[in-house]
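Notes for the one structure printed next.
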Amino acid sequence: MSASPREQRTSAAARVLCLGNPLLADDALGVKVAGALVGRMPPGTEVVQNDLTGFGLLEDLLEVPHLVVVDTVRTGAAPPGTIHLIREEDLRSAPGPSPHYVGLLEMLHLARRLGLPAPQEVAILAVEASDCTTIGGEMHPALREAVPLVVELVVGILREWNRPAEV
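Structure follows, in structure tokens:
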């Protein structure tokens, strides 16, 4: 789901990239947040939903100065529904599960090394998940409750970047 088809994108001031698969229990969070954001963002802000990883993210990372990424994470260090706000400068590249895996941070670094129009500012809202692998599974109640909180955090980040959002 995209606020505008990828082929017809205009130059946006900000993009909210919601990652997740609607078929995989808690991983559906990004899809739910994308749905809650559509129609609530100001002109010049795109809401894009993507269920891909690695190189499948590249197109959605480009040609926008400000990027908010919404996704789930399983650290095991916090209860389900805990929202982690991570800035790009807080991240360090870590090896993926295979040499062929390329994550979000690696894609941002690759885009910049290739001289592609990568975002200047990136914020990641990672919501602690319980189960992201059960096909057809229900989202954990704490993640359902986190959706409106994530929406408010997205709005706050956009305001911080001088991109007023309407709620």
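Anchor point for the sequence shown: position 153 equals 149 in my numbering, and the numbering is continuous, going up by one each time.
Backbone N, C-alpha and C define an ideal beta-carbon position, used for all residues, glycine too.
For clarity, every value in this text was computed on a predicted model and none was experimentally measured.
For residue i, three-class secondary structure by DSSP
i           : result
residue 62  : strand
residue 80  : strand
residue 100 : helix
residue 121 : strand
residue 67  : strand
residue 106 : helix
residue 4   : Note that residue 4 has pLDDT 47, beneath the 50 cutoff, so the model's placement of it is unreliable and the number below is only indicative. The answer is helix: DSSP assigns residue 4 an H, G or I state.
Segment limits, beta strand (DSSP E) that includes residue i
i           : result
residue 148 : Unbroken run through residue 148 is the alpha helix (DSSP H), 137 to 156; no beta strand (DSSP E).
residue 27  : Element bounds for residue 27: not the beta strand (DSSP E) but the alpha helix (DSSP H), 25 to 33.
residue 15  : 10 to 15
residue 42  : 41 to 46
Supposed contact pair residue j and residue i - C-beta distance, whole angstroms, cut 8 Å
i           : j           : result
residue 138 : residue 77  : 3 Å
residue 119 : residue 64  : 5 Å
residue 143 : residue 32  : 6 Å
residue 101 : residue 87  : 5 Å
residue 127 : residue 56  : Incorrect: roughly 25 Å between the Cβ atoms, too far for contact.
residue 68  : residue 125 : 4 Å
residue 46  : residue 15  : 6 Å
residue 236 : residue 66  : A query on residue 236 cannot be resolved here, the shown segment of the chain reaching from -3 to 163 and no further.
residue 241 : residue 135 : Because the chain here runs from -3 to 163, residue 241 falls outside it and cannot be looked at.
Continuous alpha helix (DSSP H) stretch holding residue i: start and end
i          : result
residue 55 : 54 to 57
Subject >> Contact the stretch 146 to 153 vs the stretch 100 to 108: 3+ CB pairs below 8 Å >> reply: no
**OP:** Determine, using beta-carbon pairs with one atom in the stretch 7 to 15 and one in the stretch 52 to 69, whether at least three such pairs fall under 8 Å.
**Re:** Short answer: they touch.
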